[in-house]
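Residue numbers (our numbering): 35 to 176. Beta carbons: idealized from backbone N, C-alpha and C, even for Gly. Inspection log for the structure reproduced underneath, given as structure tokens.
Next up, the structure:
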């Protein structure tokens, strides 16, 4: 016969491993172990304990998967902070030439910038793309 302590020790191990992995899978197994341990405490037989363990585990997995997917969902459709700079205005603080990068100031931050045309200091530019840590800009048409 499986002992009450056996189920509870397994539950504790599963919960500790869940804390380390954050998979929402081991917590479901831990809940199944706790349910089986409760049945053991009230002297249900081993077959009933194992059956309840399986049922509770499956129910917890089915209920926790949508939550886990929502919490770990890749939010790739959100723009990164740098991507939010596209189509924004900046001011040239060091001349940009087709062969040499310059510097622009955008929202108080200084960025390296490149362009296909020469853009002089104090001219406004529009950020068109981002390439690594450089902004690709064009002169703002007035």
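Original post:
Alpha carbon to alpha carbon, how far is residue 167 from residue 146?
Top reply: If you take the alpha carbons of residue 167 and residue 146, they lie about 7 Å apart.
Subject >> Distance between residue 60 and residue 94 (C-alpha atoms, nearest Å) >> reply: 10 Å
Subject >> Among 35, 150, 115, nearest to residue 143 - alpha-carbon criterion >> reply: 115
**OP:** List the residues that DSSP assigns as beta-bridge partners of residue 163.
**Re:** 170
Original post:
Which partner residues does residue 203 have in the DSSP bridge list?
Top reply: Residue 203 cannot be examined here, being either before or after the span of the chain that is shown, 35 to 176.
**OP:** Measure the alpha-carbon distance for residue 162 versus residue 101 and round it to whole angstroms.
**Re:** 38 Å
Subject >> Where the alpha helix (DSSP H) through residue 75 begins and ends >> reply: Boundaries of the alpha helix (DSSP H) harbouring residue 75: 60-75, taken from the DSSP string.
Subject >> Element boundaries [alpha helix (DSSP H), containing residue 55] >> reply: 38-55
Original post:
Using CA coordinates, which residue listed in 155, 152, 124 is at the minimum distance from residue 169?
Top reply: Of the candidates 155, 152, 124, the one whose C-alpha sits nearest the C-alpha of residue 169 is 124.
Subject >> Cβ contact check for the segment 53-72 and the segment 81-88: 3 or more pairs under 8 Å >> reply: Between the segment 53-72 and the segment 81-88 there are three or more C-beta pairs closer than 8 Å, enough to call the two in contact.
Original post:
When burial is assigned at 16 or more other CB atoms within 10 Å of the CB, is residue 81 buried or exposed?
Top reply: exposed
Subject >> Among 35, 105, 165, nearest to residue 57 - alpha-carbon criterion >> reply: 105
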